[in-house]
């Protein structure tokens, strides 16, 4: 299966709702990047036994000082701590250094500006129906990019939780709920079949009247993701890796981009406000 790198909007999903005790897993890997502003290490790691296969992921650190002296190329051991809604690295220790893997060059993104019409991409929803983006015109749309096998609770599962909270807020405003729709688009079509997406949608409580899961061929999904700043790079390898951050776009009823919420720190109330503002411009 090809390896996938995704940056900018992303391994069996671990459903941790209801778990109160943090789980800890030993992690061994190599630091690829250090982001002190976000307190994040990007690590290419070996299999985390009992949790996820080896891949490359950006990890929050428990304490900012854990980043002191860290640099790309460092070989490390750490403890991956997974709580109800967050995952982070603690007890990071350097064990050596090694050359970095050959640099990966992300594709050039054809990002669109606010006010630009969104590409009319053909997708497949969780019922197996072909759906074009233009079919949702007439409603104000929020779209985010995820994959159901994403293992860390503060990445794709966080987007699921946020969209569920947005859905609940919309239900308290029947007029707005009838005028908007939420789209979660998977960039892992090899695994996220309609059957898998439908089961996942049920698990997270998605009401298809308000919130749909879709995917499509890579040649369709990748350019759509790129329009909102999601960069997808694939390389022929025996395993799949998805490294991603998060972007959530708001599209008006005429199919034009209004705004993009970057990262994971926006709240459900932020998105509802953005949807309400976009809907009010009809």
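In the numbering used here, the protein residues as written are 9 to 290. Every residue, glycine too, gets a C-beta built ideally from N, C-alpha and C. Everything numeric in this text was worked out from a predicted model, so none of it was measured.
Coarse secondary structure for residue i, derived from DSSP in three states
i, result
"residue 247", "Caution is warranted here: a pLDDT of 35 is assigned to residue 247, below 50, making its placement in the model unreliable, and the coordinate value is therefore given only provisionally. Coil, per DSSP."
"residue 99", "strand"
"residue 184", "helix"
"residue 170", "helix"
"residue 54", "coil"
"residue 160", "coil"
"residue 281", "helix"
"residue 108", "coil"
"residue 114", "Confidence is the limiting factor: at residue 114 the pLDDT is only 49, short of 50, which leaves the residue's position unreliable and the question unanswerable from this model."
"residue 236", "coil"
"residue 144", "helix"
"residue 133", "strand"
"residue 94", "coil"
"residue 125", "strand"
"residue 43", "strand"
"residue 30", "coil"
"residue 179", "helix"
"residue 78", "coil"
"residue 66", "strand"
"residue 272", "coil"
"residue 214", "coil"
Proximal residues to residue i (C-beta, below 7 Å), its chain only, five neighbours per side dropped
i, result
"residue 105", "81, 82, 83"
"residue 56", "33, 35, 88"
"residue 218", "175, 178, 185, 189, 190"
"residue 200", "155, 156, 194, 223"
"residue 122", "265, 266, 267"
"residue 136", "202"
"residue 130", "138, 140, 224, 228"
"residue 212", "168, 172"
"residue 286", "148, 258, 260, 266"
"residue 262", "145"
"residue 58", "33"
For residue j and residue i, the rounded distance between their alpha carbons
i, j, result
"residue 193", "residue 140", "12 Å"
"residue 69", "residue 42", "11 Å"
"residue 182", "residue 272", "27 Å"
"residue 278", "residue 85", "37 Å"
"residue 99", "residue 165", "25 Å"
"residue 281", "residue 103", "47 Å"
"residue 162", "residue 94", "5 Å"
"residue 293", "residue 197", "No answer is possible for residue 293: the residues shown for the chain start at 9 and end at 290."
"residue 228", "residue 288", "30 Å"
"residue 107", "residue 53", "15 Å"
"residue 109", "residue 79", "14 Å"
"residue 215", "residue 67", "31 Å"
"residue 148", "residue 205", "22 Å"
"residue 40", "residue 61", "18 Å"
"residue 260", "residue 151", "11 Å"
"residue 65", "residue 92", "19 Å"
Beta-bridge partners of residue i, as assigned by DSSP
i, result
"residue 219", "190"
"residue 37", "53, 84"
"residue 267", "258"
"residue 119", "Paired residue(s): none; residue 119 is not in a bridge."
"residue 153", "193"
"residue 60", "56"
"residue 138", "132"
"residue 48", "43, 68"
Proximal residues to residue i (C-beta, below 6 Å), its chain only, five neighbours per side dropped
i, result
"residue 120", "235, 265"
"residue 90", "31"
8 Å Cβ cutoff, residue i in contact with chain B
i, result
"residue 101", "In the structure shown, chain B cannot be found, because there is only a single protein chain."
Chain-order list of residues whose beta-carbon lies under 8 Å from that of residue i (same chain, five-residue window excluded)
i, result
"residue 75", "42, 44, 47, 49, 69"
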